[in-house]
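Working notes, structure below.
Protein chains in written order, with the working numbering: chain A, 1 to 289; chain B, 1 to 90.
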């Protein structure tokens, strides 16, 4: 039976529309208005045109922050995705240990960002932190407040510690949904462990893995709290990622115009990447079904 | 609305976007959308193509500002060409 199209149902979406307008659309429009003006406070604005966009597009500061941001996201994806899959493959499939593993894996995900930052900030300290103190005792020089490489390693390890579980849990869910028959067929064909992974497990996990990659990419691309608490963007500007730089510009320097222009460009990049991921994901779904 | 710091150019900008959205909504009601697959090899509806056009236009404008840096209105002409290409081939 054909469904009769009834467009009146759209009116039921109105409350959501109002809510989104209030919390997202109107603030975003205000940001666009700010981006073409200059202000010295007191809600007085002066027309600046595209000056801020022009200035930012030619500023090393923004390109450097974008470079650091992309590098950070690329590194944590390159670690967290394979590691998460590896963890998921080694998790028990039946028995009491399943629940134990699941609870243990979800623990880091339940900890608020600023607490994670504080934990690692203290953990890495040479004077009172377990990690910093142990490394110092072993004769390894480690100081995340002064050494760029150490700061990067700390921030990356922290993110891996915090979020690999998410990838692992999603990959595990993907693995659990594979019917036994596939494995039995592979056994009959005497397929190697690698081939089972390559031709059965990986394709079946693809959907959830894409979600995991999208979530981890977006989160890492917008990361603020953890590096802010641990390194404050330092040493120098070494771990100043895009959002840290943006907050410095908007709230530290109160440069609302440039910060608004920065926000819009940041937003456009995120919109583009989200759209690409979304398109790839829906196309995978269509192929799958 | 004072706190939103409106200017005529930004008001016109949002006006055009709103107009486009309304036009495409009316079009979608009058002539229901049928998805098709273009050179990007993804299924797109008319609305999708509008989104691709608007997002791409934003990047074209930024690229023009960053690389050329003068005569910004010409970027809009480029955007129109891009829009026509998207609606024709994507």
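Here a beta-carbon is modelled for each residue, glycine too, at the ideal position from N, C-alpha and C.
Note that the coordinates shown come from a computational prediction; the quantities given were computed from them, not determined experimentally.
Backbone secondary structure at residue i - three-state DSSP
i	result
residue 43 of chain B	strand
residue 57 of chain B	helix
residue 210 of chain A	helix
residue 59 of chain A	coil
residue 4 of chain B	helix
residue 191 of chain A	coil
residue 172 of chain A	helix
residue 141 of chain A	coil
residue 64 of chain A	helix
residue 146 of chain A	coil
residue 281 of chain A	helix
residue 70 of chain B	coil
residue 9 of chain B	helix
residue 23 of chain B	helix
residue 82 of chain A	helix
residue 224 of chain A	coil
residue 274 of chain A	helix
residue 179 of chain A	coil
residue 3 of chain A	coil
residue 90 of chain B	coil
residue 218 of chain A	helix
residue 92 of chain A	coil
Bridge-paired residues (DSSP) for residue i
i	result
residue 304 of chain A	Residue numbering for chain A in the displayed model covers 1 to 289; residue 304 of chain A lies beyond these limits and cannot be assessed.
residue 34 of chain B	DSSP, once it has assigned bridges, lists no residue as partnering residue 34 of chain B.
Where residue i falls, given that 16 or more other Cβ within 10 Å makes a residue buried
i	result
residue 201 of chain A	buried
residue 91 of chain A	buried
residue 227 of chain A	buried
residue 80 of chain A	buried
residue 73 of chain A	buried
residue 140 of chain A	exposed
residue 176 of chain A	exposed
residue 84 of chain A	buried
residue 93 of chain B	As displayed, chain B neither begins before 1 nor continues past 90, which places residue 93 of chain B out of reach and without an answer.
residue 104 of chain A	exposed
Residue-level contact to chain B via CB, residue i, 8 Å cutoff
i	result
residue 29 of chain A	yes
residue 54 of chain A	yes
residue 32 of chain A	yes
residue 36 of chain A	yes
residue 6 of chain A	no
residue 131 of chain A	no
residue 272 of chain A	yes
residue 63 of chain A	no
residue 43 of chain A	yes
residue 206 of chain A	no
residue 268 of chain A	yes
residue 281 of chain A	no
residue 265 of chain A	yes
residue 215 of chain A	no
residue 50 of chain A	yes
residue 251 of chain A	no
residue 163 of chain A	no
residue 102 of chain A	no
residue 175 of chain A	no
residue 57 of chain A	yes
C-beta neighbour in chain A for residue i, strict 8 Å
i	result
residue 64 of chain B	no
residue 29 of chain B	yes
residue 22 of chain B	no
residue 7 of chain B	yes
residue 69 of chain B	yes
residue 10 of chain B	yes
residue 3 of chain B	yes
residue 96 of chain B	Given that chain B is displayed from residue 1 to residue 90, the structure contains no residue 96 of chain B and the question cannot be resolved.
residue 85 of chain B	no
residue 42 of chain B	yes
residue 58 of chain B	yes
Worksheet item: In chain order, which alpha helix (DSSP H) runs of at least 4 residues are fully inside the segment 230–257 of chain A?
Response: 242–247
Practice prompt. Quick one: which unbroken alpha helix (DSSP H) runs of 4-plus residues sit fully inside the segment 94–130 of chain A? Chain order, please.
Written response: 96–110 and 113–123
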